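Reading through the structure tokens given below for one structure.
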Amino acid sequence: DGFCSVNPAGITAYLSNNVANSSIDIVVTAIPALVWRGTPTGDWSIGGSANWLNGATPTAYTETSGQGPFVIFDDTAAGTATVNLTTTVTPKGVTVNSTTKSYTFTGTGLVSSNGSWVKDGTSTFTLANSGSNNIASTITVNAGAISVGNGGTSGNLGGATVNLTTSSTSLILNRSDNVTVPNAISGSGSIVKQAASTATLTGVGNIGGAVTVNAGTLALGPSGTITVSGDVTGSGAFGVNGPGTVVLSSGTVTYSGGTVITNGTLRLDAAFPPSGTIADFGTLAIGVSGTLATSVFGTGGITALNSSALTLSGANTYSGPTVILGGSVDATASTYSPASVLTLGSLIGSNDVATANFTAGNPTLAGLRAGGNDVINQDTVNLPAGGQTLTINGNVTVGNPSPVSAVARLQVTGTGASVIINTNGGTVQLGLGAFGSGVNPDYVVADFSQIDNLIMNLGTTGVVNLGTLDGNPGPPNGATVLNQLKLAAVSNYISAGSINVGAGGRQLIPEFRLGAGTNIINADTFTVGAGGRDGGYLLFDGATGGLRLRANDGVSRVAFREGYNPPTGTGASITNTVDLTGHPADLLLSSLIIGDYNNAGVYQNTFSFDQGVLDTLSTSLSVIRNNNGNAAASGSTLTINGGTASLGAVNLTASVAYGTLNVANTTSLTVSNITSPGTGLATFDINNTPLNLDLGTSGGLATPAVNVDTFNASGSVPINISGTGFLVGQQVLIKY
């Protein structure tokens, strides 16, 4: 009574009342399948010899409408386990379930199937046929191994996905030629590499089992990040060749044939790379502390992760960056690659400050970048051996623009130490961010005050920039953060095309702090306050020190500009200060411009000097200033309180902003004239200073030599007049 099933021929099945799901199910226990017998021949063809069993009856393999039956390869075969594919066969599915027989597919034919493929039993199933298999399903390996190739140049998985379901399963790569295996591979099984060739797995996923490289090279090439949690051993080479990251999480990594990173990242979280050279054309990432004794070469770089302490002891020549994230690197002049840029911190993250210790010799870097964000600690370069010289043949950048008000500080230390920066037209940049990026301003300090000597050879087009280079977006949160460069304690030499203190648009006031010894700066232009909203500050870091300023060639005059950005209009209040008081200065300038902003906010510019020589061909104050409600509060002041000053033609104001020249106790003040064509208040105060009026050929005084709104003379002010073209009669010398 009730339901019963009438099954198709060859199918064994029964009905089941599924109470839990309120359904009537059909349970199939057997389906028609041919079992390989391997005799009288070993050919798998369509028709041909009766090399199969249908039940107990020998039969030939046939297909109906291009589709064959399920096929099984097991231990019952009386003949060969080498299956010669002579044509394209299309079974519904393939099962290899054997322990004593290891089946191998050979021949020029291929298998085309989108049905299930199952490997059971402890044997190895080898695909070594030369035809390109068309397998559009998953090969499920429940036991034993599946091998691609048998030592020759043929064998492939078609388009199959390989699932190594247990830790006792394996995928073996055994082709003598270099081969790329694009198949998706996953599971908890192992990977074994045989043959003296390179096999690259580009579809591989996480590998739960061991990786054994017995010969040749095994390269994993994922597109994303995968983890190999088993041991990596063998006498062959291991590496990465793909855009992604391979993470080795096992503490046992002992392969001895070398490491090859053709592309991508190889990351070791629990062990260092073993013996053998490292060919690095991607990134070698190390997340464990210890010594990397192996030599690294190639165009790739090294990254230290997880706050690890990395020691480099090999003869390294790699040219990619050395990136230290939250930890340290120890090296000597002979173990740090001179072709590598040193990066301390991520430049975009937080709490990843780093330290570089160069414990011996005079190391060379290809560049230096520092940007570990931490409000307490700082990125540090230590030169502890005494009298060391660090040479940096490349750009130097310090900053971290990613978090709001990020703090990025770099300090270089060392008794009697020197730093030489050679950029050949490059940049020393404090404060990061590309033009128009709108990044947050970063709190930046580059401190060389703990070493003796600093040399910057930047070439005729090289630039020193202080300030976030992001255009003129306006002040966000953190607009008052510090941006500071401190020069060395004993001597400093800078040769550059231009120096810009306050080069950005974030309303910062970057500080250029001169050292306590000699400061020789050769630059064609020196600008304090050069950005859209940035101000600037030039001063000495202590009570001692002197300054010599020349053009890049070391003998010509410098264009010195304070508060200089004529094209920019802004509502920001901008302050610029040059304070050389208390320090000898030798300034040879082609022009001195103080206050050249086309802005709507208040600007204040002051320049103070009291020792040495100030020699410029022309002096201009308050050149541009919009006529608005802030005009009277804006202006520029030049104060000379000692030394000798020659100012050339002086323009106190050409705008609605005020311009003030204060001179006192100076050996002499020489000018060709002092004018004030603007409507702003022009003030000239002179005290106890000889005034030399060098009128040139304008001795006729068609216009007054000094024409200001307010003139105050006190103490002894001898006036010495020189020039030609004088006329008989009374002329106005000083008008106020």
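Number 395 in the numbering used here belongs to position 391 of the sequence shown; there are no gaps in the numbering.
Virtual Cβ for every residue (Gly too), placed ideally from N, Cα, C.
Predicted, not measured: the structure shown is a model, and the values here were computed from it.
Would you tell me roughly how many angstroms separate the C-alpha atoms of residue i and residue j, rounded to the nearest one?
i	j	result
Asn426	Ser341	16 Å
Ser612	Val582	6 Å
Leu372	Thr110	57 Å
Ser130	Gly156	Sequence inspection shows Thr at residue 130; the Ser mentioned does not correspond to that position. For Thr130 and Gly156, the distance between alpha carbons rounds to 12 Å.
Phe715	Val467	40 Å
Ser233	Gly193	11 Å
Ile189	Gly113	24 Å
Phe439	Gly509	Its pLDDT being 48, under 50, Phe439 is placed unreliably in this model, and the value from its coordinates should be taken loosely. Each residue's Cα considered, the two are about 10 Å apart.
Val667	Ala653	16 Å
Ser171	Ile306	32 Å
Ala507	Val400	16 Å
Ile723	Asn696	6 Å
Thr671	Asp713	25 Å
Thr249	Leu222	15 Å
Thr648	Ser622	15 Å
Val115	Pro36	19 Å
Gln615	Ser338	46 Å
Ser312	Asn457	31 Å
Tyr322	Gly291	19 Å
Pro247	Ser279	25 Å
Thr522	Asn461	16 Å
Thr326	Lys490	25 Å
Thr683	Ser659	6 Å
Arg565	Asp528	11 Å
Ser299	Val333	15 Å
Val562	His587	19 Å
Ala576	Asn487	18 Å
Val39	Leu57	5 Å
Asn481	Ala534	The predicted position of Asn481 is uncertain, since its pLDDT is 44 and thus under 50; no value can be drawn from it.
Pro73	Thr108	20 Å
Ile28	Leu309	58 Å
Thr63	Gly228	48 Å
Leu625	Gly318	59 Å
Ser136	Asn160	7 Å
With distances taken from CA atoms, which of the options is nearest residue i?
i	options	result
Ala661	Thr648, Pro681, Pro62 and Gly639	Gly639
Leu470	Gly539, Thr417 and Asp29	Gly539
Ala164	Val292, Ile150, Trp40 and Ser141	Ser141
Pro44	Ala54, Ala37, Thr641 and Gly207	Ala54
Ala717	Lys739, Asn692 and Leu642	Asn692
Ala358	Val217, Leu369 and Leu329	Leu329
Ser354	Asn361, Val345 and Gly331	Gly331
Ile139	Gly391, Asn101, Gly162 and Ala132	Gly162
Gln734	Val292, Leu705 and Asp713	Leu705
Phe771	Ser227, Gln198 and Gly212	In the structure as shown, the chain starts at 5 and stops at 740, and residue 771 therefore has no counterpart that could be examined.
Ile396	Asn361, Ala343, Val402 and Gly390	Ala343
Ile195	Ile282, Val236, Ala527 and Thr94	Val236
Thr169	Gly719, Ala147, Glu566 and Ala421	Ala147
Tyr568	Asn504, Val617 and Gly519	Asn504
Ala203	Thr216, Tyr107 and Ser134	Thr216
Asn428	Leu551, Phe544 and Asn556	Asn556
Gly501	Ile525, Arg517 and Asp383	Ile525
Ala60	Thr80, Gly390 and Gln454	Thr80
Leu741	Thr531, Val559 and Leu584	Here the chain has residues from 5 to 740 only, and residue 741 is not among them.
Val416	Leu394, Gly135, Thr287 and Thr86	Leu394
Asn118	Gly97, Thr128, Val532 and Ser127	Gly97
Val432	Thr728, Ala389, Gly420 and Ser499	Ser499
Could one say the Cβ of residue i lies closer than 8 Å to chain C's Cβ atoms, at least one of them?
i	result
Tyr340	In summary, chain C is missing from the structure at hand, where a single protein chain is found.
If I follow the unbroken beta strand (DSSP E) through residue i, where does it start and stop?
i	result
Glu515	Glu515 to Leu518
Pro44	Here Pro44 belongs to no beta strand (DSSP E), and DSSP marks it neither H nor E.
Asn197	Note that residue 197 is Lys in the sequence shown here, rather than Asn. Ser194 to Lys197 is the extent of the beta strand (DSSP E) around Lys197.
Asn461	Asn457 to Asn461
Leu642	Gly639 to Ile644
Asp614	Taken as a continuous stretch (DSSP letters only), Asp614 belongs to no beta strand (DSSP E), as it is neither H nor E.
Arg561	Careful: Arg561 lies outside any beta strand (DSSP E) and carries neither H nor E.
Arg2	Past the edges of the chain, shown from 5 to 740, lies residue 2, and the structure says nothing about it.
Lys105	Looking at the DSSP string, Lys105 is not in any beta strand (DSSP E), and its letter there is neither H nor E.
Gly647	Careful: Gly647 lies outside any beta strand (DSSP E) and carries neither H nor E.
Per DSSP, what are the beta-bridge partners of residue i in this structure?
i	result
Val97	Correcting the residue type first, residue 97 is Gly in the shown sequence and not Val. According to DSSP, Gly97 bridges with Phe74.
Leu288	Leu270 and Ile306
Phe242	Leu222 and Thr263
Asn487	Val448
Inset, instruction - With a floor of 3 residues, list each beta strand (DSSP E) that falls wholly inside the stretch 362–440, ordered by position along the chain. - result: 371–374, 383–386, 393–396, 400–402, 411–417, 422–426 and 431–434
Inset, instruction - Kindly provide the ranges of any beta strand (DSSP E) runs that are 3 or more residues long and lie completely inside the stretch 297–339, ordered along the chain. - result: 305–308, 313–316, 326–328 and 332–335
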